[in-house]
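Peer 1: Just dropping this structure here.
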Amino acid sequence: MVEGQLVIKYDGGDAISHTIEMRALGLSLIGFEKIISDGLIFMGNDRLPRRRERHQLVVKAQGPAIGSTEIPFQIAQSLGLLPFGWWLLQTGATEVVGGWLTYVFAKLSGRTNEAAMALDALSRAREQELAAKAQSEARWLEHEAAWRDQLFALTARLVPSAIKAVAPIGPSVDRAELLGASLPPFVIDLPTADAIRAKGELEVTELQETELRIDGFVHHTKKLNVENPDAPGTYLSADVRDPAFDIVPNAYTEAANVKGVLRVQVKLGYRAGQLEKIYVLNHCERDAA
Numbered sequence: 169m170v171e172g173q174l175v176i177k178y179d180g181g182d183a184i185s186h187t188i189e190m191r192a193l194g195l196s197l198i199g200f201e202k203i204i205s206d207g208l209i210f211m212g213n214d215r216l217p218r219r220r221e222r223h224q225l226v227v228k229a230q231g232p233a234i235g236s237t238e239i240p241f242q243i244a245q246s247l248g249l250l251p252f253g254w255w256l257l258q259t260g261a262t263e264v265v266g267g268w269l270t271y272v273f274a275k276l277s278g279r280t281n282e283a284a285m286a287l288d289a290l291s292r293a294r295e296q297e298l299a300a301k302a303q304s305e306a307r308w309l310e311h312e313a314a315w316r317d318q319l320f321a322l323t324a325r326l327v328p329s330a331i332k333a334v335a336p337i338g339p340s341v342d343r344a345e346l347l348g349a350s351l352p353p354f355v356i357d358l359p360t361a362d363a364i365r366a367k368g369e370l371e372v373t374e375l376q377e378t379e380l381r382i383d384g385f386v387h388h389t390k391k392l393n394v395e396n397p398d399a400p401g402t403y404l405s406a407d408v409r410d411p412a413f414d415i416v417p418n419a420y421t422e423a424a425n426v427k428g429v430l431r432v433q434v435k436l437g438y439r440a441g442q443l444e445k446i447y448v449l450n451h452c453e454r455d456a457a
């Protein structure tokens with residue numbers, strides 16, 4: 169990675185062979201372009217973007233790493249195309265845009281802790297303006313409150329673009345990763361993507377261990393038929409994102425053959441308080457039944 173470069177890395181699924189479904193990739197890039205462009209205009213000019221206003225972005229392709237597809241955005245090369253504020257130039261556009269992307273995807277998927285961390289990082293960067301402009305603390309706090317209100321409004325407007333950005337996750341690849349900011353890399357997995365697609369209606373839990381009774385499987389769609397842990401006697405379809413599922417036989421197929429119980433790491437998706445989705449990310453032990 170070079171200075172001024174923000175990398176979007178797609179992993180798993182088709183990306184293992186350096187491929188990705190074309191339409192899904194096109195939608196993803198359109199979504200990312202809109203989010204980054206609006207963020208640059210907002211951060212640089214301290215205002216919401218006007219209708220159809222765009223900031224030109226430069227994208228450089230490079231040879232893919234083994235087992236992934238990477239799209240690097242050369243943010244630094246496009247700085248001269250927009251009059252950025254002092255704080256953005258001093259902080260570094262990649263840091264700011266990386267924090268902005270992390271905030272948008274974390275906020276829209278309900279990952280509140282990571283959203284708060286990203287917002288705090290953006291706010292700390294803006295504090296440089298206080299010393300540079302010798303503003304009073306009261307004036308700064310007033311300006312900061314107005315800025316946050318605009319940021320929240322802009323994030324809400326970006327739901328359709330975020331849905332486009334995560335288009336490949338699930339149908340083509342297993343996850344996307346945002347690299348280049350001072351914040352930890354932000355991973356958009358299938359549960360996160362589905363939460364974004366559900367427009368806030370799907371609440372996804374943190375990773376947890378649980379036992380699932382396996383009733384059957386469909387290998388080509390990576391689906392398990394499992395007993396609903398919240399309502400025994402009823403069944404749900406679970407998405408399996410464990411690479412071990414690709415090789416048959418495995419712990420999942422063996423458990424399904426005997427309708428056994430498997431201890432797994434999962435994320436659970438709830439809509440209106442009802443369990444709707446189960447994402448199986450790993451198995452912890454072989455059939456315990």
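Here my numbering runs 168 ahead of the position in the sequence shown, where the first position is 1. For every residue, glycine included, the Cβ atom is placed at its ideal position computed from N, Cα and C.
Closer than 6 Å by C-beta to V372: which residues in its own chain qualify, once you throw out the five before and the five after it? Chain order, please.
Peer 2: Position 204 of the sequence shown holds residue 372. Excluding residues within five positions, the ones whose Cβ falls inside 6 Å are P359, A363, K435 and G437.
Peer 1: Given this structure, state the Cα-to-Cα distance separating R191 from P328, to the nearest angstrom.
Peer 2: What you label residue 191 is simply residue 23 of the sequence shown in a count that begins at 1. What you label residue 328 is simply residue 160 of the sequence shown in a count that begins at 1. If I take the Cα positions, the gap works out to 16 Å.
Peer 1: Please confirm if the region 385 to 392 is in contact with the region 316 to 326, defined as three or more CB-CB distances below 8 Å between the two stretches.
Peer 2: These segments do not touch.
Peer 1: Where does R409 land, buried or exposed, given buried means 16+ other C-beta within 10 angstroms?
Peer 2: Here residue 409 is taken as the residue at index 241 of the sequence shown, counted from 1. Buried, because 16 or more other Cβ atoms sit within 10 Å of the Cβ of R409.
Peer 1: Need the endpoints of the alpha helix (DSSP H) that R343 sits in, please.
Peer 2: Start at 1 with the first residue of the sequence shown, and residue 343 comes out as number 175. Counting along the chain, R343 falls outside any alpha helix (DSSP H), though it belongs to the beta strand (DSSP E) covering R343 to L347.
Peer 1: Do the region 397 to 411 and the region 321 to 337 touch if we need at least three Cβ pairs shorter than 8 Å?
Peer 2: The answer is no - the region 321 to 337 does not touch the region 397 to 411, with fewer than three Cβ pairs under 8 Å.
Peer 1: So who's on the other strand from R439, going by DSSP bridges?
Peer 2: Working through the sequence shown from its first residue, we reach residue 439 at position 271. Paired residue(s): L370 and Q442.
Peer 1: What does a CB cutoff of less than 7 Å around A361 pick up in its chain, not counting 5 residues either side in sequence?
Peer 2: Position 193 of the sequence shown holds residue 361. Contacts found: V334, I337 and G338.
Peer 1: Comparing C-alpha positions only, which one of E395, H186, G441 and G212 sits nearest to K427?
Peer 2: The sequence position of residue 427 within the sequence shown is 259, counting from 1. Selected option, being the one with the closest Cα: E395.
Peer 1: Let me confirm a value: T270 is counted as buried when at least 16 other C-beta atoms fall within 10 Å, else exposed. Which label applies?
Peer 2: By one-based count along the sequence shown, residue 270 stands at place 102. T270 comes out buried.
Peer 1: G384 bridges to which residues according to DSSP?
Peer 2: Along the sequence shown, one-based indexing puts residue 384 at 216. The partner list for G384 (beta bridge, DSSP) reads N393.
Peer 1: Which residues bound the alpha helix (DSSP H) around S329?
Peer 2: Taking the sequence shown and counting its residues from 1, the one referred to as residue 329 is at position 161. Residues V327 to A333.
Peer 1: Would you grab the beta carbon distance between R222 and S205 for me? Rounded to a whole angstrom, and I think it's under 8 Å.
Peer 2: Residue 222 sits at position 54 when you count from the first residue of the sequence shown. Residue 205 sits at position 37 when you count from the first residue of the sequence shown. Yes, they are in contact, since the Cβ atoms of R222 and S205 sit about 5 Å apart, within 8 Å.
Peer 1: What does a CB cutoff of less than 7 Å around L257 pick up in its chain, not counting 5 residues either side in sequence?
Peer 2: As a position in the sequence shown, residue 257 is number 89, starting the count at 1. Any reading at L257 must be qualified, since the residue scores a pLDDT of 44, below 50, and its modelled position is unreliable; no value is offered.
Peer 1: In the DSSP output, which residue or residues are listed as bridge partners for R431?
Peer 2: Working through the sequence shown from its first residue, we reach residue 431 at position 263. Paired residues: E379.
Peer 1: What residue from I203, G199, A183 and A274 has the CA that sits closest to L322's CA?
Peer 2: By 1-based counting over the sequence shown, the position of residue 322 is 154. The option with the nearest alpha carbon to L322 is I203.
Peer 1: Answer yes or no: do E282 and A274 have a C-beta to C-beta separation smaller than 8 Å?
Peer 2: Numbered from 1 along the sequence shown, position 114 holds the residue referred to as residue 282. Numbered from 1 along the sequence shown, position 106 holds the residue referred to as residue 274. The answer is yes: Cβ separation under 8 Å.
Peer 1: I think V121 touches G180, with their Cβ atoms under 8 Å apart; what is that distance to the nearest whole Å?
Peer 2: It is not possible to answer for residue 121, since the shown part of the chain is limited to 169 through 457.
Peer 1: Assuming contact is defined by CB atoms lying nearer than 8 Å, are A440 and F385 in contact in what I supplied?
Peer 2: Your numbering for residue 440 matches position 272 in the sequence shown. Your numbering for residue 385 matches position 217 in the sequence shown. No, Cβ-Cβ distance for A440 and F385 is not below 8 Å.
Peer 1: With respect to the beta strand (DSSP E) encompassing L358, which residues constitute its N-terminal and C-terminal limits?
Peer 2: One-based indexing of the sequence shown puts residue 358 at position 190. That residue, L358, is in no beta strand (DSSP E); its alpha helix (DSSP H) goes L358 to R365.
Peer 1: In its own chain, which residues sit with a C-beta less than 6 Å from the C-beta of N450, not counting the 5 before and 5 after it?
Peer 2: Residue mapping note: residue 450 aligns to position 282 of the sequence shown, counting from 1. Closer than 6 Å at the Cβ level, and outside the excluded window around N450, lie D410 and Q433.
Peer 1: For a test of the three-state rule: what should DSSP assign to D206, helix, strand or coil?
Peer 2: Translated into the one-based positions of the sequence shown, residue 206 becomes position 38. In the structure shown, D206 sits in a helix (DSSP, three-state: H, G or I).
Peer 1: Contact defined as beta carbons within less than 8 Å: I believe D407 pairs with V448. What is the distance between those atoms, to the nearest angstrom?
Peer 2: Position 239 of the sequence shown, counting from 1, holds the residue named residue 407. Position 280 of the sequence shown, counting from 1, holds the residue named residue 448. Between V448 and D407 the Cβ distance is about 7 Å, and since that is below 8 Å, they are a contact.
Peer 1: Alpha carbon to alpha carbon, how far is L351 from T378? Give it in angstroms, no decimals.
Peer 2: As a first step, residue 378 is located in the sequence shown; it is residue number 210 there, counting from the start. As a first step, residue 351 is located in the sequence shown; it is residue number 183 there, counting from the start. Approximately 30 Å between the Cα atoms of the pair.
Peer 1: Please determine, among P417, I188, D182 and E201, the residue with the shortest C-alpha to C-alpha distance to K332.
Peer 2: Here residue 332 corresponds to residue number 164 of the sequence shown, with the count starting at 1. Checking every option, the nearest Cα to that of K332 belongs to E201.
Peer 1: I need the DSSP call for D179, collapsed to helix, strand or coil.
Peer 2: Indexing the sequence shown from 1 puts residue 179 at position 11. Three-state DSSP puts D179 in a strand.
Peer 1: Exposed or buried, D357, counting other C-beta atoms within 10 Å across all chains shown (16 or more means buried)?
Peer 2: Reading the sequence shown from its first residue, position 189 is the one you call residue 357. Counting Cβ neighbours within 10 Å, D357 comes out buried, since at least 16 surround it.
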